[in-house]
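Residue numbers (the numbering used here), protein chains in the order written: chain A, 1 to 782; chain B, 783 to 1075; chain C, 1076 to 1236.
The beta-carbon is built from N, C-alpha and C at its ideal position, and this holds for glycine as well.
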Amino acid sequence: MSDHAGAVKGMIGTSVARREDDRLLTGRGRYLDDLELPGALAAAFVRSTFAHANIRSIDAEAARALPGVIAVYTGADLMEIQKPLAPKVTHPQLRDHPRLPMPPRAVHYVGEPIAVVIARTRYLAEDAIELIEVDYEELPAVGSTAAALAPGGPMAHEGDDTNIAVTLSQSAGNTDQAMRDAPHTVSAEFTVTRGGGHSMECRAVAARHDPATGQLVVWDTTQSPHYARQQLSTIYDMPEDDIRIIAPPDVGGGFGPKAQFYGEEVVIPWVAKKIGRPVKWVEDRSENFVSAMMERSQTHRIEVGFDDEGHLIAVRDHVEHDQGAYCAGLQVPSITTSTVPGPYHVPNIHVELLACYTNMVPTSSVRGAGRPQAVFAMERMMDRIAEHLDIDPALVRERNLIQADEFPYEVGITFRDGSPLTYDSGDFPALLSGTLDRLDYPNLRAEQAELRAEGRLVGIGLACYVEGCGLGPYEGAKVRLTNRGRILVTLAAAGQGQGYETVYAQIASDALGLDMAYIDVTTGDTSKIPFGQGTFASRITATAGPATYQAAQQMRERLTETAAILLKCHPAEITFVGDRACLDGDTDKAKTLLELAQVANVGKHGITLPKGVRAGLETSAYFAPERAAYASGAHAAVVEVDPDTGGVTILKYVIGHDCGNVINPKLVDGQVLGGFAHGIGNAMYEEAAYDADAQPQAASYLDYSLVSATEVPDVELFHIHTPSPLNPLGAKGAGEGGTIPAPAAIANAVEDALRPLGAPRINHAPVTPARIVDAIEHAAAT
Amino acid sequence: MKPGRFTYHAPRELDEALAMLHEYGDEAKVLAGGQSLMPMLNFRLAQIDHLIDINRLPADLTEIRWAADTVAIPALVRQRHVERSPEIAAALPVLTAALHQVAHPQIRNRGTVCGSLAHADPAAELPTVMSILDASFTVASARGTRTVDVADFFQFHLTTAMEPDELLLRVRITLPPPGTHAAFHEFATRRGDFALAGVAALCHTDPAGVVRDCRIAAAGVSSTPQRLTAVENHVIGNTLDDTVITEAGALARAAVDPTGDIHAGAAYRQRLTGALVRRALTDIRTQQEVTRD
Amino acid sequence: MTETTGHLISVTINGATQQHVVDDRTTLADFLRERLRLTGTHLGCEHGVCGACTVIVDGAAVRSCLMLAVQSDGSQVETVEGLSPEGELGPLQQAFKDNRALQCGFCTSGFLMSVTAALREGPVHDENHARDVLSGNICRCTGYSGLVQAVLDASKETDGE
């Protein structure tokens, strides 16, 4: 359940039903593997079984001889495309190791693609893989950041003398001095484990090359088709117009890993071109476990200084970040460093992050993207401050919150978009107090005391956060009146279930003053709109939203202008009734959209346009925010712990959420609640474990626990709306706020529940039953 | 994740199936419900030449068989069928309770009771429950039919006393005498997961409330379901009071020597086993009280 | 899927009986998707956990990734495409839509088939029961609250009939 308190105007702010649903509910969705590509061959990749090894040789003769196998290419067979897949976000000091599409000589994680089999069916391709002999020279591997930083330990890349890829730091004030002078300090070490995106649809790429036109058409489940096109254009040395990337209309979830660019996306189209036949690769789940990028693994050693009332004086955080085998980008560690201070006044802060190479799947953004870890560290410390001073943890937070009249608020450090970390708007006290009200907090604390007296372990955990979202550089929209008389909104952004076909029709509807019924939305095809960035970092509503609104406003001007000329009136006298542009609302004095298209778009061969009519009813707009917007929220968990099993029951969960103005409230609720389920996974279940040799230990859903309906509790969700001043819709991002603070809230609640048992420490996410029991036993022994 | 190449056989008669097993031996696997085998084939963890699908064998293998004091569950009885059987719920409620915790209905709809037993996963519910019951396993081969007691059936992780040419034809359970109560408790990370540990317990109590027979088996702590005889011996001759139950839990904790994995360490599983033994015995005590009322 | 050995099967798919020759190892899921082009059934994990491929075989919800096509000989198979042969949403599908029980839609077919089978067994009256019915399928997008409400709404609807 949820309540939105926003003003409703037109279609924006209305929970209209989704247009996507009917096809998805009747099995008529069009996911990549559903595409019928006549003559398409199936691909399967040979992947490294070692975390770190040199490839001595690959013998694929038997595989090539297998009936039904068309071709086998090793990395060495495709040297022309072995160009580095550049980091998405880099840093001048980054020690970059090139990530090659299919490395010919050495592998650096289990799952790295080293050869590809093309066969008539996937069954046959997998048969062929079993016949391929790879001779490896195994090298010592790095299976954790602790191992990466251990003196004298193995190197993730041969020849290195350090595993540190880059050190990122953020500073404001004089942290050393302030920490020395602080009346109180506490410190702790927190670890957050690797977890994945686990979209229900794995990655997939299909490609077809047409020698007649020179066009390479690539279907890709990517969140960023234009990014993929740019990469392929560079690597293949082909003009971007010869490469058409299509993210299919239906993509089965993204959550970050599909926003990255992978070797398979380079290999498959190239091979399709080489063979001269369409090729389709659909990643299976066992591949996904070892090759789709992951995130989260960080260790924070954090120290906070504060006064007698719990006011923060200084924060020092030393972070070890697991970059994985290669640097796919520094967005995650960068976001971590700027997320630490959160919604609090922190006069002195120093965050230093060591991004370490390890021999595990490279890391990059997964829903939350570096924020859950920072929030975990900071919010755990807010509770430790409260414990240290024996005051209420809600009070400690209240005393430190940035107030509603302090915006724009300059934190004093830099965000990952390159701009000074400046919170645009928000009302953090309202989020926290709204959350506490829904808990009936004072009574809940009293109830907790009674239950504790009965021996029950009930705890309350809070976590607040601020989330940079709506990032640049830009996103665009084209609006066109089609020759069939419908409005077509074309977005570069590709959806993965967010409901773009609905949401952007709502936005365009308001800007056009035209019923949604006449508006179609199409997404994710580089041939339809030249520029774009992609769906990531909860940015699309705040970037493509304003772009759509502006392009649609321009279209309204064009339509009314054209109609006014034809109806011999002033554009201001035109209003839409249905699909008719009417003079003073009179449907008899009107031009339909189809008629306008006939005049301005279709025209008559060789005949001059009516005087004043501008040809071609098409508009476009690109919106480039001056800097990121900041969504915010507060979570509260009430849990009971069973000390025998370590089992945790979530008794109540409240989410207060502020993503500015919302377009479709129920879809926003869906984003928050879906993000929350992912957060519960990170808080309690999901763990992409590796052993000391960097061999993955959780490579199936029997070992990697995704939450089902029985693990996710009911949530009381409320929203406040502080519009962003940075875009005309006042929108911010909603895709990640449900995820970000959940691990912190759960861990705080569990630690609170256990406090009567000698204050066992819960320092590790996910908070599993075994870790809880271990903490209880450790506390009992000391 | 496509299965490797194999030859599929669907014998219509038992003799035919056994002849195939005889011919192909360890090059063959029997496909019953397939809910453990098919994932292994899809992952290509199991490579076989011949798949002998027994689902086309005569229908008498799909029905629960009742006799005076026994019930037999033949090879093709689906787990869901047993779970939903009111007769089983009345006669062997511990089996019903355990089945509720096996994966999810979609798996139990296909999975067979005998298939799970033959698969012999030591963390699974059904082998553990059978270990506290008077269960015997009828295994057939072209060489003849023999009966293996449950005590001898589970030999190691995914290994039973069956030879490669043998088929588990049925499990027969002697119904416990009046005055017997049993319970199954497990703790799993998520609903439907394999248990981190599980405990099946059974007590036969005399009219004075003294336990005359006790059997306790633990799942997920050894290479087979582990009977906890030291705990059983401690309970026998006592009434299930708080002290006995607490002591039983402590003994159970000490009696198991599990290995740790990514989900939980050995010490945790020991502690959990103790807790689950307490829970199971407390459950049995509650059942006794209900029976007496 | 065109291998040397072949088995002639007769299978009733969404009410229509069809004969096909299938090989030894093609899974039911691949047969439905690739041979029959019933692409509403999705493959999410191919080891029986995620539930995206759930279909109804002879009245029971099962994982089509854990069955061979050849095993469906003589069976009645129901897929998501059979829930609305005329294209109109049925009560369960409508309840999914009304409650925002789907986002990316990839898991949706499996949920629909699991819940369809469950509701045939009897009504689902409370949230805990609904969550239990849903627990054999994984959704990564919605957080399940819409699914829970959809099951309860659809149960009410079918209960009243």
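Which residues mark the beginning and the end of the beta strand (DSSP E) in which L566/A is found?
It is not in any beta strand (DSSP E) - L566/A instead sits in the alpha helix (DSSP H) that spans 540-567.
Which residue's Cα is closest to the Cα of T351/A: S365/A, M11/A, M378/A?
The question names Thr, but residue 351/A in the sequence shown is Val. Among S365/A, M11/A, M378/A, the Cα nearest to that of V351/A is on M378/A.
Runs of 3 residues minimum, wholly inside the region 1081-1137 of chain C: which ones carry the beta strand (DSSP E) assignment?
As far as the region 1081-1137 of chain C is concerned, its whole beta strand (DSSP E) runs of at least 3 residues are 1082-1088, 1091-1097, 1129-1132.
What residue range does the beta strand (DSSP E) around V466/A cover?
V466/A -> beta strand (DSSP E) spans 457-469.
Our contact map puts L1111/C next to V1096/C with C-beta atoms below 8 angstroms; I'd like the distance itself, whole angstroms only.
At roughly 13 angstroms, the Cβ-Cβ gap does not stay under 8 angstroms, so L1111/C and V1096/C are not in contact.
Could you list which residues in chain B have their beta carbon closer than 7 angstroms to that of A1144/C, in chain order?
Under the 7 angstroms cutoff, chain B gives no residues; its nearest Cβ is about 10 angstroms from A1144/C.
Interface residues of chain C around Q817/B at Cβ under 7 angstroms?
In chain order: G1123, L1141.
Please report how far the alpha carbon of Y109/A lies from the alpha carbon of C356/A, in whole angstroms.
Distance between the alpha carbons of Y109/A and C356/A: 14 angstroms.
What are the residues in the region 646-668 of chain A lying within 8 angstroms of chain B by C-beta distance?
So the close ones are G646, G647.
Indicate whether at least one CB of chain C lies closer than 8 angstroms to the CB of I834/B.
No - not a single Cβ of chain C is within 8 angstroms of the one on I834/B.
Have a look at R452/A and P756/A and give me their C-alpha separation to the nearest angstrom.
One C-alpha to the other measures close to 8 angstroms.
Who are the near neighbours of F1106/C in its chain, counting only those whose CB is closer than 7 angstroms to its CB and skipping five residues on each side?
Around F1106/C: V1097, A1144.
Which residues of the region 1020-1035 of chain B have a Cβ closer than 8 angstroms to any Cβ of chain A? Give them in chain order.
Taking 8 angstroms as the Cβ-Cβ cut-off against chain A, none of the residues of the region 1020-1035 of chain B qualify.
Quick one: grab the DSSP three-state call for A355/A.
Strand, per DSSP.
Mind checking whether A63/A and L149/A have CB atoms under 8 angstroms apart?
It is not a contact, given that the beta carbons lie outside the stated cut-off.
Identify the contact partners of A1229/C in chain B, using a Cβ-Cβ distance below 9 angstroms as the criterion.
None at all; the shortest Cβ gap to chain B is about 17 angstroms.
Taking 8 angstroms as the threshold (C-beta atoms), are N1212/C and S1189/C in contact?
Yes, the Cβ-Cβ distance between S1189/C and N1212/C is below 8 angstroms.
So with CB distances below 7 angstroms, who are the chain C contacts of Y701/A?
Simply C1120, H1122, V1124, C1125.
Which word fits F938/B, buried or exposed, when buried means at least 16 other C-beta atoms lie within 10 angstroms of its C-beta?
F938/B is exposed by the Cβ-count criterion.
Beta carbon of V932/B, beta carbon of F919/B: below 8 angstroms?
Against a cut-off of 8 angstroms, the Cβ pair of F919/B and V932/B comes out as a contact.
Work out the CA separation of V1223/C and D181/A for me, nearest whole Å.
Between D181/A and V1223/C, the C-alpha separation is close to 53 angstroms.
So with CB distances below 9 angstroms, who are the chain B contacts of S708/A?
Ordered by position in chain B, the residues that pass the 9 angstroms Cβ test against S708/A are H886, R972, R973, G974.
For T193/A, report the span of its alpha helix (DSSP H) as first-last.
Premise fails: T193/A is in no alpha helix (DSSP H) and is neither H nor E.
Just checking: is the beta-carbon of A689/A within a distance shorter than 8 angstroms of some beta-carbon in chain B?
It does; some Cβ of chain B falls within 8 angstroms.
Where does S1220/C fall in DSSP's three states?
Three-state result, S1220/C: helix.
Given that D1133/C touches chain A, what residues does it touch there, using C-beta distances under 8 angstroms?
Here the premise fails: no neighbours, minimum Cβ distance about 20 angstroms.
Within 10 angstroms of the Cβ of G679/A, are there 16 or more other Cβ atoms? Answer buried if so, exposed if not.
Counting Cβ neighbours within 10 Å, G679/A comes out buried, since at least 16 surround it.
So V639/A is in the beta strand (DSSP E); what residue range does that whole segment cover?
It spans 629-642 - the beta strand (DSSP E) in which V639/A sits, taken as one unbroken run.
Can you name the residues that DSSP bridges to Q498/A?
Looking at the DSSP assignment, Q498/A forms no beta bridge with any residue, so it has no partner.
Against chain B, with Cβ distances strictly below 8 angstroms, would R1110/C count as a contact?
Answer no: the Cβ-Cβ gap between R1110/C and chain B never drops below 8 angstroms.
To be precise: take each residue of the region 1042-1060 of chain B, compare its Cβ to all Cβ atoms of chain A, and keep it if any distance is under 9 angstroms. Which residues remain?
Result list: G1042, D1043, I1044, H1045, A1046, G1047, A1049, Y1050, R1051, R1053, L1054, G1056, A1057, L1058, R1060.
Quick check for students: name the residue ranges of the beta strand (DSSP E) that lie wholly in the region 34-118 of chain A, counting only runs of 3 or more.
Counting whole runs of 3 or more residues, the region 34-118 of chain A contains the beta strand (DSSP E) stretches 41-47, 53-59, 69-74.
Please report whether the beta-carbon of C1128/C lies at a distance below 8 angstroms from any beta-carbon of chain A.
Not one chain A Cβ lies under 8 angstroms of C1128/C.
In chain order, what residues of the same chain have a beta carbon less than 7 angstroms from the beta carbon of T786/A, not counting five sequence neighbours either side?
One cannot answer for residue 786/A here, as it falls past the ends of chain A, which runs 1 to 782.
Are any of the Cβ atoms in chain C nearer than 8 angstroms to that of L105/A?
Just to set this straight, residue 105/A is Arg in the shown sequence, not Leu. Not one chain C Cβ lies under 8 angstroms of R105/A.
Tell me where the alpha helix (DSSP H) around D586/A begins and ends.
Careful: D586/A lies outside any alpha helix (DSSP H), inside the beta strand (DSSP E) at 586-592.
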